[in-house]
Amino acid sequence: MAVHKRSYHSYAGELGPAWSRFLIVSRYAYENALSSRFLVAFFAICLFYPLGCALALYMNHNERLLAIFHVSSFFAVDARFFYHFQNVQGALAFILTALVGPGLVSPDLANHALPLYFCRPFSRVEYVLGKLFVLVSMLSLVTWIPGEVLFLIQSGLAGAGWMWSNLWIAASIFFGSTIEILVFSLLALALSAWIKRKTAAGAALLGVFFFGAGLGQAINTVLRTRNGSLVDITNLIASVVMPLFHQQSRITIPADRASLALLAISAFCLFLLEKKVRAYEVVRG
Amino acid sequence: MPPIIELEGLGVRLGGRKILEGLKCSLSGRSIGLLGPNGAGKSTLINTLLGFYPVAAGTARVFGCDIRSEKKQIRRLAGYMPESECFIARMTAVSFVRLMAELSGLPSEAALERAHEALFYVGLGEARYRLLGTYSLGMRQLAKLAQAIAHGPRLLILDEPTNGLDPPARQRMIRLIREMRDSRDLHILLCSHLLRDVEETCEEVLILKDGHQVHYANLEEERRANRRFLELETLGGDGAFADAVERLDCECAITGSAVPAAAGTHTDRSPRRFKMVLGQEFALEDLYRLAEAHGVQIRRLNYRRDSLEDIFLKAMENSNGRS
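From first to last, the protein sequence lines stand for chains A and B. According to the working numbering, the first sequence is numbered sequentially starting from 1. According to the working numbering, the second sequence is numbered sequentially starting from 1001.
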């Protein structure tokens, strides 16, 4: 129907599927996030290291190159290599979260747009899922997806034998990244929901990590304990992810305690989201 | 006509306080007004119908769908224009309305088409690619209306739609509401504390006060019923004229005169006012004949009906008497 028709008429066409409606919110959030050139540039930068790693893997199996340097390989491609990759990409993923996350919920809260979302056949869970999907998909593109691609490249170059004997590394890449992604995403969303200003929410996210690390270190030093690490989210993640790659460190805490702490933090973030992401807040008293 | 909204002893408690209590009525008009002073519970009722607030007692139905168990169905049928400022500042109007239409279930292309149509319809066609953050208050109200109608709802819920609008913008908003009402494509539930807005757009009115229902009125019926009052301004006319009028199947009283006439003077031409409560058999032609016979000049004749203000004030008085 032509746009110049200026009379009200109802809609009698087909409706889209309900199950995928949360992706509408993700699409618009993506559109908004990718309108920033800085973010697009940073996202591209996040892919430089995986490209470099892919190139290194290729050179590590290039017989002519190895012959020139008279070595059997330049470096060992093992769990340590992939753990290092995970660490670098994890740090980049955190910065990406700080750039994207605060802009997800806060613009809707700033001008009270939430009633308009929820007066439709669209639930709060779908809203959070839609926003979460933006971060999860974006962070996946810089963490476990390139990690698994590197694993496949290495498998292709080293042969099926290497792949079968190191298949657990592929699982570690996926689960390690997933833990990081979920913790980063939930924290970013919760802060974005509670702090209306985008920049303040971004600063708060950085603060939670760096202040937590400082506080944890202070507690550990003063009280001569390792329990201070329970407030250090970076340490908690490392404590869970390192055993997945069969790596050890003196500064980490037991993986089961770290997992519980991360679960508690995630549950708290969900609680914060539940409190804030609603059409209208009810003031008690 | 089947009921649009049925309230069955509906009660709502928020923050430990009773906000709505024992609302019971059936509303079936094409346009329904929710009236009441500030804090009466009008917006709470709307938010409860949309499933934003939990029901503490009773229930309600919208198009037969229970608000406790069929929230999604109700939300599919409704379009909502909230009272407060609701928008996303960094979005263009067309993206914003399209997003809202898509969330209501429209496919992407249809949503875009409807967004353009809705924005043109409300008068924002030329400004549809501007960021909402740059809109004036009146334009934001119109954008809110556009998002509420873009998906073609069967029930349009308007919460104080003329808030903050200047007189021309208010007129435009009222005109749009009337047009939509008359399109017969949707029902309107309009919540306002402005009697004029409700009077100009609604057929039925539910008046709330302190969370209680104090009056329900079908405005059309009330208007028809109140047509039996007549106010008359004349030059001349006295007690004898009034007595003669009473014999025309009505009650008549002299309610005022500018200059008191001398007793027994038939040539008195001073202005007088009569108020008549008309009976079933009353015919206006008889009144004209009577006036001619008594030498009375009729200068003004008004069928008076209770305005919504009268109905509202009466309802408030009655509720005060009860409480």
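Backbone N, C-alpha and C define an ideal beta-carbon position, used for all residues, glycine too.
Closer than 7 Å to chain A by CB, GLY1236 of chain B: Walking along the second sequence from the start, residue 1236 of chain B turns up at place 236. Chain A contact via Cβ: absent.
Span separating the alpha-carbon of ASN57 of chain A from that of PHE81 of chain A: Working through the first sequence from its first residue, we reach residue 57 of chain A at position 57. Working through the first sequence from its first residue, we reach residue 81 of chain A at position 81. Reading off the sequence shown, one finds Leu at residue 57 of chain A, where the question assumed Asn. Going from the Cα of LEU57 of chain A to the Cα of PHE81 of chain A covers about 11 Å.
Rounded Cβ spacing between ASP108 of chain A and LEU114 of chain A (contact assumed at less than 8 Å): As a first step, residue 108 of chain A is located in the first sequence; it is residue number 108 there, counting from the start. As a first step, residue 114 of chain A is located in the first sequence; it is residue number 114 there, counting from the start. Contact flag correct, Cβ pair sits at about 6 Å.
Presumed contact (8 Å Cβ cut-off) between VAL1012 of chain B and THR1044 of chain B, rounded CB distance: Taking the second sequence and counting its residues from 1, one reaches residue 1012 of chain B at position 12. Taking the second sequence and counting its residues from 1, one reaches residue 1044 of chain B at position 44. With 8 Å as the limit, VAL1012 of chain B and THR1044 of chain B qualify as a contact, their Cβ atoms being about 6 Å apart.
Identity of the residues DSSP links to GLY1216 of chain B by a beta bridge: Position 216 of the second sequence, counting from 1, holds the residue named residue 1216 of chain B. Sequence inspection shows Tyr at residue 1216 of chain B; the Gly mentioned does not correspond to that position. DSSP, once it has assigned bridges, lists B:LEU1206 as partnering TYR1216 of chain B.
Residues that DSSP places opposite PHE1170 of chain B in a beta bridge: Sequence index remark: in the second sequence, residue 1170 of chain B carries index 170 (1-based). The amino acid occupying residue 1170 of chain B in the given sequence is Arg; Phe does not appear at that position. BP columns for ARG1170 of chain B are empty, so no partner.
The segment 1028–1048 of chain B: positions lying closer than 7 Å to chain A by Cβ: ASN1047
Element boundaries [beta strand (DSSP E), containing LYS1024 of chain B]: Stepping through the second sequence from its first residue, residue 1024 of chain B is reached at position 24. Under the DSSP assignment, LYS1024 of chain B falls in the beta strand (DSSP E) whose first and last residues are 1017–1027.
7 Å Cβ cutoff, ALA1060 of chain B in contact with chain A: Walking along the second sequence from the start, residue 1060 of chain B turns up at place 60. No - not a single Cβ of chain A is within 7 Å of the one on ALA1060 of chain B.
Cutoff 7 Å: LEU1099 of chain B Cβ touching any chain A Cβ: For the purposes of this step, residue 1099 of chain B is taken as the residue at position 99 of the second sequence. The Cβ of LEU1099 of chain B sits closer than 7 Å to at least one Cβ of chain A.
N-terminal and C-terminal residue of the beta strand (DSSP E) that GLU1070 of chain B is part of: Looking up residue 1070 of chain B in the second sequence gives position 70. No beta strand (DSSP E) holds GLU1070 of chain B; DSSP gives it neither H nor E.
Contact list for the segment 180–213 of chain A against chain B, Cβ threshold 9 Å: none
VAL77 of chain A, DSSP secondary structure in three states: As a first step, residue 77 of chain A must be located in the first sequence, where it is residue number 77. Three-state result, VAL77 of chain A: coil.
Residue span of the alpha helix (DSSP H) that contains SER1270 of chain B, given as start and end: The count along the second sequence starts at 1 and reaches residue 1270 of chain B at position 270. Taken as a continuous stretch (DSSP letters only), SER1270 of chain B belongs to no alpha helix (DSSP H), as it is neither H nor E.
Those residues which DSSP pairs with SER1192 of chain B across a bridge: One-based indexing of the second sequence puts residue 1192 of chain B at position 192. DSSP output for SER1192 of chain B lists B:LEU1035 as bridge partner(s).
At least 3 beta-carbon pairs within less than 8 Å: the segment 264–282 of chain A vs the segment 185–204 of chain A: yes
Within chain B, partners of ARG21 of chain A - CB distance below 9 Å: As a first step, residue 21 of chain A is located in the first sequence; it is residue number 21 there, counting from the start. Under the 9 Å cutoff, chain B gives GLU1102, LEU1103, GLY1105.
Any chain A beta carbon closer than 7 Å to ILE1019 of chain B: Residue mapping note: residue 1019 of chain B aligns to position 19 of the second sequence, counting from 1. It does not; no Cβ of chain A falls within 7 Å.
Reduced DSSP secondary structure (H/G/I, E/B, other) of ALA1258 of chain B: Indexing the second sequence from 1 puts residue 1258 of chain B at position 258. Because ALA1258 of chain B carries a pLDDT of 47, less than 50, the predicted location of this residue cannot be relied on, and no value is offered for it.
Cβ-Cβ separation, PHE1241 of chain B to HIS1187 of chain B (assumed contact under 8 Å), whole Å: Taking the first residue of the second sequence as position 1, residue 1187 of chain B is located at position 187. Taking the first residue of the second sequence as position 1, residue 1241 of chain B is located at position 241. In fact, because the Cβ distance is near 49 Å, the residues do not count as touching under 8 Å.
C-alpha distance - LEU167 of chain A paired with CYS46 of chain A, whole-angstrom precision: As a working note, residue 167 of chain A is residue 167 in the first sequence. As a working note, residue 46 of chain A is residue 46 in the first sequence. Cα-Cα distance, rounded: 25 Å.
7 Å Cβ cutoff, TYR30 of chain A in contact with chain B: Along the first sequence, read from residue 1 onward, the residue named residue 30 of chain A stands at position 30. No, its Cβ sits nowhere closer than 7 Å to a Cβ of chain B.
Min CB distance PRO243 of chain A to chain D below 7 Å: Among the protein chains in the structure shown, which are A and B, there is no chain D.
Nearest-angstrom beta carbon gap, ILE1254 of chain B and ARG1269 of chain B [assumed within contact, 8 Å]: On the second sequence, residue 1269 of chain B is found 269 positions in, with the first residue counted as 1. On the second sequence, residue 1254 of chain B is found 254 positions in, with the first residue counted as 1. Their Cβ separation, rounded to whole angstroms, is 15 Å, which puts ARG1269 of chain B and ILE1254 of chain B out of contact at 8 Å.
Per-residue DSSP class, three states only, for GLY1041 of chain B: Within the second sequence, numbered from 1, the residue matching residue 1041 of chain B stands at position 41. Reduced to three states, the DSSP call for GLY1041 of chain B is coil.
Secondary structure, alpha helix (DSSP H): runs of 4+ residues fully inside the segment 147–209 of chain A: Restricting attention to alpha helix (DSSP H) runs no shorter than 4 residues, the segment 147–209 of chain A encloses them at 160–165, 167–194, ordered along the chain.
Residues near GLU281 of chain A in its chain [Cβ-Cβ closer than 6 Å; skip 5 each side]: Start at 1 with the first residue of the first sequence, and residue 281 of chain A comes out as number 281. Excluding sequence neighbours, GLU281 of chain A sits near nothing in its chain.
is_contact[VAL3 of chain A, chain B] using C-beta, thresh 7 Å: Numbered from 1 along the first sequence, position 3 holds the residue referred to as residue 3 of chain A. Low confidence applies here, because VAL3 of chain A scores a pLDDT of 46, under 50, leaving its location unreliable and the question unanswered by this model.
DSSP state of MET1276 of chain B mapped onto helix, strand, coil: As a position in the second sequence, residue 1276 of chain B is number 276, starting the count at 1. The DSSP-derived three-state label of MET1276 of chain B is strand.
SER1028 of chain B vs ARG1181 of chain B beta-carbon contact at 7 Å: Within the second sequence, numbered from 1, the residue matching residue 1028 of chain B stands at position 28. Within the second sequence, numbered from 1, the residue matching residue 1181 of chain B stands at position 181. Taking 7 Å as the Cβ cut-off, SER1028 of chain B and ARG1181 of chain B do not qualify as a contacting pair.
Residue interval of the alpha helix (DSSP H) (run including ALA41 of chain A): Stepping through the first sequence from its first residue, residue 41 of chain A is reached at position 41. First-last of the alpha helix (DSSP H) with ALA41 of chain A: 37–46.
Proximity test, Cβ basis, 7 Å: SER10 of chain A and chain B: Taking the first residue of the first sequence as 1, we reach residue 10 of chain A at position 10. It does: the Cβ of SER10 of chain A has a partner Cβ on chain B nearer than 7 Å.
Any C-beta of chain A under 7 Å from that of LEU1142 of chain B: Start at 1 with the first residue of the second sequence, and residue 1142 of chain B comes out as number 142. Not closer than 7 Å to any Cβ of chain A, the Cβ of LEU1142 of chain B fails to qualify, so no.
Residue from A:PRO102, A:ASN87, A:ALA258, A:LEU135 whose Cα sits closest to the Cα of GLY147 of chain A: The count along the first sequence starts at 1 and reaches residue 147 of chain A at position 147. Nearest C-alpha to GLY147 of chain A: A:ASN87.
For THR234 of chain A, the first and last residue of its enclosing alpha helix (DSSP H): Locating residue 234 of chain A in the first sequence gives position 234, where the first residue counts as 1. Per DSSP, THR234 of chain A belongs to the alpha helix (DSSP H) from 233–244.
Extent of the continuous alpha helix (DSSP H) to which LEU1124 of chain B belongs: Numbered from 1 along the second sequence, position 124 holds the residue referred to as residue 1124 of chain B. Note, LEU1124 of chain B: premise wrong, no alpha helix (DSSP H); not H, not E.
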